[in-house]
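Enquirer: Just so you know, the sequences run in chain order A and G.
Under our numbering, the first sequence has 20 at position 20, and the numbering climbs by one with no breaks.
Under our numbering, the second sequence has 429 at position 108, and the numbering climbs by one with no breaks.
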Amino acid sequence: MADDKATLLGYLRQMLEIRGFEDKVYELLSRNVIIGASHLSAGQEAVPVGACAALRPDDVITSTHRGHGHCIAKGGRLPEMMAELCGKSTGYSRGRGGSMHIADVAGGNLGATGIVGGNIPVATGAALAIKMRGEQRVVLCFFGDGACNNGVFHESLNMAGLWTLPVVYIIENNLYGMSVSTKRACAIDSMADRAASYNMPGVAVDGQRVLVVREAVREAVERARAGKGPTLIEARTYRYYGHSRSDPRKYRTREEEDHYRAERDPITLFKRYLLDEKVASAGEIEAVEKAVADAIEEATTYALDSPYPDESELYDFLYVE
Amino acid sequence: MPERFFWEAVRDAISGEMRRDPAVFVMGEDVAIYGGAYGATRGLYEEFGEERVRDTPISENTIAGAAAGAAMMGMRPVAEIMYADFLTLAMDQLVNTAAKNRYMFGGRTTVPMVLRTEGGTGRGIAAQHSQSTEAWFNHAPGIFLVMPATPYDAKGLLKTCIRDDNPILFIEHKMLYGTKGEVPDDEYTIPLGVADVKRSGDDVTIIAYSKVVLDTLEAADILAEEGIEADVIDLRTIKPLDMHTIVKSVRKTGRVVCVSEACRTNGVPSEIIARIQEEAFDWLDAPVARVCGEDVPIPMSPPLEAAAVPSPERIAAAAMRLME
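(1) Could you give the first and the last residue of the continuous alpha helix (DSSP H) run that contains G:S570?
(2) Tell me the residue span of the alpha helix (DSSP H) that contains G:P590.
(3) Hey, which unbroken runs of the beta strand (DSSP E) at 3 residues or more fall wholly within the stretch 445-485 of chain G?
(4) Taking the straight line between their C-alpha atoms, what separation do you get for A:T113 and A:C141?
(5) Any idea if A:T253 is buried or exposed, counting beta-carbon neighbours within 10 angstroms, 16 or more meaning buried?
(6) Helix, strand or coil, according to DSSP, for A:F21 in the structure here?
(7) Closest Cβ-Cβ distance between A:M81 and chain G: below 8 Å?
(8) What number of angstroms, rounded off, separates the C-alpha of G:A639 from the C-alpha of A:R137?
(9) Closer than 8 Å, CB to CB, is G:T383 near chain A or not?
(10) Using a Cβ-Cβ cut-off of less than 7 Å, give me the residues of the stretch 114-129 of chain A that come near chain G, in sequence order.
(11) Have a look at the DSSP bridge pairing and note the partners of G:M348.
(12) Using CA atoms only, rank isn't needed, just tell me which of G:Q598, G:V577, G:A601, G:T586 is closest to G:M641.
(13) Using DSSP with H/G/I as helix, E/B as strand and the rest coil, what is A:A226?
(14) By the three-class DSSP mapping on this structure, what secondary structure does A:A235 have?
(15) Inspect the beta-carbon positions of G:A448 and G:G395 and report whether they are closer than 8 Å.
(16) Which same chain residues end up closer than 7 Å to G:E592 when comparing Cβ atoms and leaving out the 5 residues on each side of it in sequence?
(17) Are the beta-carbon atoms belonging to G:A389 and G:M434 less than 8 Å from one another?
(18) Anyone know if the C-beta pair for G:E381 and G:I402 falls short of 8 Å?
(19) Ignore the nearest five residues each way along the sequence and tell me which others in G:G386's own chain have a CB closer than 7 Å to its CB.
(20) Where does G:T510 sit, in a helix, a strand or coil, going by DSSP?
(21) Round the Cβ separation of G:T442 and G:A629 to the nearest angstrom and send it over; I've been treating them as touching at under 8 Å.
(22) Using three-state DSSP, classify G:A551 as helix, strand or coil.
(23) With a CB to CB cut of under 8 Å and the five nearest residues on each side skipped, what residues in its chain are close to G:T438?
(24) Thinking C-beta only, is G:R520 closer than 8 Å to G:V571?
(25) Can you pull the DSSP bridge partners for G:T526?
(26) Do G:P633 and the ligand GDP come close, with the Cβ less than 7 Å from some heavy atom?
(27) Give the interface partners of A:F142 over in chain G, defined as CB-CB distance under 9 Å, in chain order.
(28) Could you give the first and the last residue of the continuous beta strand (DSSP E) run that contains A:Y169?
(29) Name, please, each residue of chain G whose Cβ falls closer than 9 Å to the Cβ of A:A103.
(30) Taking 8 Å as the CB-CB limit, is G:A353 close to chain A?
(31) Relative to chain B, which residues along the stretch 472-494 of chain G have a C-beta separation below 7 Å, given in chain order?
(32) So is A:E155 in contact with chain G if we call contact Cβ pairs under 8 Å?
(33) Run down chain G in chain order and give the residues with a C-beta less than 8 Å from the C-beta of A:G97.
(34) Against chain G, with Cβ distances strictly below 8 Å, would A:D316 count as a contact?
(35) Taking the alpha-carbon of A:C52 as reference, which of A:N149, A:R214, A:E27 has the nearest alpha-carbon?
(36) If you count every other CB in all the chains shown that lies within 10 Å of the CB of G:L548, and 16 or more means buried, which is it?
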């Protein structure tokens, strides 16, 4: 099936939105306009955009501490996201969660967790609910390479394989769990190989190429929707910023970073594809870039102009009355 | 009114709710064919089948987290963790996911799940199968805590919990399963946050929950022989806590003993006693006493196990000291 131009430019736009959002957040963090912890996903854009491109609107995702890209790719709105990062009452979680706890349940994002691997059981349970209700929906569960060494990864994949649940587990392998490289943390080279223990296919893909990611996830989603069970996909990618603001990145070389930015950037690679395949002109790409830059500024203005929650609301939403 | 075992009351609450609402399902270790380690899910597998009564792998954290995920997607899971000691393995998903998600996401989701477990001493099964761990969860905002003492309360409260839209930890005491009590076959529920006065008296208030309610009622008999009438309050739900019933009793008696099988330090009585001095200090005629488990892992040896937890005699003695 050939892709139409609007679809492909849509992927470019989403990837640019993620990059622009993360760069803007970094700037706002540096100026102390945003406080707290924000884990930026610049460099990893092709994974969430390619993966969510394989979903239907009623499918759901679960997200991680590095979750801005997931939210945007699932259709999240930039103003509500930026407002959430600023702790404003207009944010997705009304300012209660911030960067690490954006949820857009109505839009199919069951939420981001600050516990590494913490969303994996939730995704598994969501898939169980879908199966029990006889629905034709699929759950996409994002997590990092670090989560693959946590107990819930193994517990959940075993349960999903055992019960043939409609869930696709996507490892965003960005080579480092905070500072520790996967080589120093994981007993095997390919985390996708772990799928063999849990009666599901394991697929490793180039996570810097949005269409490659989409094809792998599409196959997994179709499999899940057809009632054939889960898939584990390892998307190899790279994060440009440190783990968080306070990270001096001593554990990797500047040469390595330069290599990824120059040779493996997902947005540069996709733009080159669009030009080489004559899908879009340089002028059309620039127009998308301009529109995204404007949208980021609008979102930032909306967030900064929004009110904080009132102190009187401290106990709101703790329990259902 | 028919008499039912405590385990039957639990089972009947679940089966009744499963018949009433197709979203209710059971998952846990050995809950299906085996019927639960303490038999509280016996018969459910036969009636509802393996889709709705699910034996799980031994994966406590994923049992709790998958229950939360299923709840967020419209199901009403009744999950079981075999021993309260094993809640350590599920604690991350219970505390960081189930309890926090609604608040952390600004009210944009609900997590209507019940996690049943079983705790307490009495079977000589030592430190990793006998602990009372409720205080850990009393300290976790966002999750309710329910610990009934009678078959009647177990059935009525569990039905309420299954219908409630909040995550709830429902802890049954292992020595209660074989106790019997009157349980109507007719439909009834018991609201959360309403304590039950199990015996009325004017001289001393004794506050308890779960199995030590039975010990406290025995203590009240001992006290009555000495001419002391105890007001025995069964909290039934620890969170939400019924301070209204507690304060009303304190204003009547002026003397309070708080009882818990869990170890003393930072236990549920610690919090209740703090609340009493905040809300009823002027009515107290004596310092509030507590009778708790000792601050030790539960030992296997029968005399040591018995020494580690409250007894009717110790509860009565504490009340008598207050009357001096």
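For every residue, glycine included, the Cβ atom is placed at its ideal position computed from N, Cα and C.
Expert: So, from the data block:
(1) Here residue 570 of chain G refers to the residue found at position 249 of the second sequence. Segment 564-574, the alpha helix (DSSP H) holding G:S570.
(2) Along the second sequence, read from residue 1 onward, the residue named residue 590 of chain G stands at position 269. Here the alpha helix (DSSP H) through G:P590 covers 589-600.
(3) If only complete runs of 3 or more residues are kept, the stretch 445-485 of chain G shows the beta strand (DSSP E) at 465-467, in order along the chain.
(4) Position 113 of the first sequence, counted from the start, is the residue given in the question as residue 113 of chain A. Position 141 of the first sequence, counted from the start, is the residue given in the question as residue 141 of chain A. The straight-line gap from Cα to Cα measures roughly 12 Å.
(5) Sequence index remark: in the first sequence, residue 253 of chain A carries index 253 (1-based). With fewer than 16 other Cβ atoms within 10 Å, it is exposed.
(6) Locating residue 21 of chain A in the first sequence gives position 21, where the first residue counts as 1. It is helical.
(7) Reading the first sequence from its first residue, position 81 is the one you call residue 81 of chain A. No, A:M81 does not count as interfacial toward chain G.
(8) To locate residue 639 of chain G, count along the second sequence from 1; it is residue 318. To locate residue 137 of chain A, count along the first sequence from 1; it is residue 137. So the alpha carbons of these two residues sit roughly 60 Å apart.
(9) The residue labelled residue 383 of chain G in the question sits at position 62 within the second sequence. Interface residue, yes.
(10) I115, G118, P121, V122, A123, T124, G125, A126, L128, A129
(11) On the second sequence, position 27 is the one that residue 348 of chain G refers to. DSSP output for G:M348 lists G:R375, G:A400 as bridge partner(s).
(12) Position 320 of the second sequence, counting from 1, holds the residue named residue 641 of chain G. Answer by Cα proximity: G:V577.
(13) Here the question's residue 226 of chain A lines up with position 226 in the first sequence. Note: A:A226 maps to coil in three-state DSSP.
(14) If you number the first sequence from 1, residue 235 of chain A lands on position 235. In the structure shown, A:A235 sits in a strand (DSSP, three-state: E or B).
(15) For the purposes of this step, residue 448 of chain G is taken as the residue at position 127 of the second sequence. For the purposes of this step, residue 395 of chain G is taken as the residue at position 74 of the second sequence. Not in contact: G:A448 and G:G395 (Cβ atoms no closer than 8 Å).
(16) Numbered from 1 along the second sequence, position 271 holds the residue referred to as residue 592 of chain G. Hits under 7 Å: N459.
(17) As a working note, residue 389 of chain G is residue 68 in the second sequence. As a working note, residue 434 of chain G is residue 113 in the second sequence. Yes, the pair counts as a contact, with Cβ atoms nearer than the cut-off.
(18) In the second sequence, the residue the question calls residue 381 of chain G occupies position 60. In the second sequence, the residue the question calls residue 402 of chain G occupies position 81. In this structure, the beta-carbon distance from G:E381 to G:I402 falls below 8 Å.
(19) Residue numbering aside, residue 386 of chain G sits at position 65 when the second sequence is read from its first letter. Contacts found: Q414, T418.
(20) Counting from 1 along the second sequence, the entry for residue 510 of chain G is found at position 189. Under the three-state reduction of DSSP output, G:T510 falls in the coil class, being neither helix nor strand.
(21) Counting from 1 along the second sequence, the entry for residue 442 of chain G is found at position 121. Counting from 1 along the second sequence, the entry for residue 629 of chain G is found at position 308. Contact between G:T442 and G:A629 holds, with the beta-carbon distance rounding to 7 Å and staying under 8 Å.
(22) Locating residue 551 of chain G in the second sequence gives position 230, counting from the first residue. In this structure, G:A551 counts as strand in the three-state DSSP scheme.
(23) Along the second sequence, read from residue 1 onward, the residue named residue 438 of chain G stands at position 117. Within the same chain, G:T438 has close Cβ partners E401, I402, M403, Y404, A405, F407, L408, L490, F491, I492, E493.
(24) As a first step, residue 571 of chain G is located in the second sequence; it is residue number 250 there, counting from the start. As a first step, residue 520 of chain G is located in the second sequence; it is residue number 199 there, counting from the start. No; because the gap between Cβ atoms is not below 8 Å, this pair is not in contact.
(25) In the second sequence, counting from the first residue as 1, residue 526 of chain G sits at position 205. DSSP, once it has assigned bridges, lists G:D552, G:V577 as partnering G:T526.
(26) No copy of the ligand GDP occurs in the structure displayed, which carries no ligand at all.
(27) On the first sequence, residue 142 of chain A is found 142 positions in, with the first residue counted as 1. Residues of chain G passing the Cβ test: none, with the nearest at roughly 14 Å.
(28) Reading the first sequence from its first residue, position 169 is the one you call residue 169 of chain A. Where A:Y169 is concerned, the enclosing beta strand (DSSP E) stretches over 167-173.
(29) The residue you call residue 103 of chain A lines up with position 103 of the first sequence. N422, M425, F426, G427, R429, T430, listed in chain order.
(30) On the second sequence, residue 353 of chain G is found 32 positions in, with the first residue counted as 1. With 8 Å as the cut-off, G:A353 does not count as an interface residue toward chain A.
(31) Protein chains in the displayed structure are A and G, and chain B is not among them.
(32) Your numbering for residue 155 of chain A matches position 155 in the first sequence. Cβ-Cβ to chain G under 8 Å: yes for A:E155.
(33) To locate residue 97 of chain A, count along the first sequence from 1; it is residue 97. Residues of chain G passing the Cβ test: M425, F426, G427.
(34) Within the first sequence, numbered from 1, the residue matching residue 316 of chain A stands at position 316. Taking Cβ atoms only, chain G reaches closer than 8 Å to A:D316, which makes this a yes.
(35) For this step, residue 52 of chain A is matched to residue 52 along the first sequence. Nearest of A:N149, A:R214, A:E27 to A:C52, Cα basis: A:R214.
(36) To locate residue 548 of chain G, count along the second sequence from 1; it is residue 227. One point to set straight first is that residue 548 of chain G is Gly, not Leu, in the sequence displayed. By the 10 Å Cβ count, G:G548 comes out exposed.
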